Amino acid sequence: MRNALRNLCWLLVGAACVGSVATAFADVLYDNSENDLLTRFNPGSSQVGSEINLSGSGQSMTYFSFEFYAINTINPSTLSSADINADVIFYDNTGAPYNTYATPNNVLYNSGSFSVSGLLYGSPTTPTTRDTIIFNESDFGGPLSLGGINTLTWTVQFSGLGAGDEVGLDIYGPPTVGSNHGDYWLWNGTSWELDEIPGFAPGDAFASVVQGTLVPEPSVFALASLGGFGLLAFLRRLRRAG
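Written out as structure tokens, the structure reads:
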């Protein structure tokens, strides 16, 4: 009986390990926050987007962040506007091709306009040479379904800028998880087009991080299933032995 209980304990430990592997397998889906190129990109008031390739097929997103800066080119000590806003949108890339590349199309998430000024340290007119905007699961209203895609485009559009205000994005690359391209999507008012950041290579893009869960690998399912069937078989055998 003691041997049976000991074997049961080992089976439970094994099942827990399989569960831990499955959980740990899917965490960071994309990470372009390590290789800082010490370069800024000023989009003005245009909607611009970075097309990113996740490390696998995305099941859901639970975290997203990107870096930005806010300065004033006339008076470095203060921003002119205390009401600078941003709108962040995620798209799948299933639209009509532009130069053979599928364009952003269906909206996966739209933050709506929110205050950037309210996120600045000190006061709504405090310049920042670097800051991070973070979206958590609660901002998405729960895990954001990605429908199993592995390519998406996230965009941002800043508004409410005053005289001399410049709010833009930091450029990093290459990413340490996932991949991207050396160009960006620009909404020209009627359609999407690709533009380039001069002097940068494929993999150089807006600094951002995506976390969530991947569509589980079949091997993970197989391990979990085998472990579960093994545990059930053992329990039946133990019950008969008793």
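Last residue of the sequence shown: 242 (the numbering used here), numbering continuous. No residue lacks a Cβ here, since even glycine has one placed at the ideal position from N, Cα and C. Bear in mind that the values here come from a model prediction, so they are computed numbers and not experimental data.
- Just so you know, the alpha carbons of ASN42 and ILE89 end up roughly 18 Å apart.
- As computed with DSSP, LEU152 is found in a beta bridge with ILE52, ASP92.
- Judged by DSSP in its simplified three-state form, GLY212 adopts strand.
- DSSP places ASP31 inside the beta strand (DSSP E), whose first and last residues are 28-32.
- If you draw a 10 Å sphere on the C-beta of LEU214, you find 16 or more other C-beta atoms in it, and that means buried.
- Closest in alpha carbon position to PRO76, among LEU194, LEU186, THR126, SER159, is THR126.
- Cβ neighbours of PHE200 within its own chain (closer than 8 Å, five residues either side excluded): LEU37, THR39, ILE171, GLY173, GLY182.
- Boundaries of the beta strand (DSSP E) harbouring PHE41: 36-41, taken from the DSSP string.
- One Cα belongs to SER113, the other to GLN157, and the distance between them is close to 9 Å.
- When the beta-carbon positions are compared, LEU54 and GLY148 stay at least 7 Å from each other.
- Residue burial is scored here from C-beta neighbours: ALA163 has fewer than 16 other C-beta atoms within 10 angstroms and is therefore classed as exposed.
- Per the coordinates, the alpha-carbon of PHE206 lies some 11 Å from the alpha-carbon of SER65.
- Every beta strand (DSSP E) stretch that sits fully inside the region 149-194 and reaches 3 residues is listed by chain position as 151-159, 165-172, 183-187.
- Excluding five sequence positions before and after SER80, the CB atoms of its chain that fall closer than 8 Å to its own CB belong to ASN72, ILE74, THR125, LEU161, GLY162, ALA163, GLY164, ASP165, given in chain order.
- Per DSSP, the unbroken beta strand (DSSP E) holding SER65 starts and ends at 58-72.
- Annotation: MET61 to GLU67 spans about 18 Å, alpha carbon to alpha carbon.
- Only residues of its own chain outside the window of five on either side were considered, and among them SER115, SER117, PRO124, GLY160 have a CB closer than 8 Å to the CB of ASP83, listed in chain order.
- Note on geometry: alpha-carbon atoms of GLN47 and PRO216 lie some 34 Å from one another.
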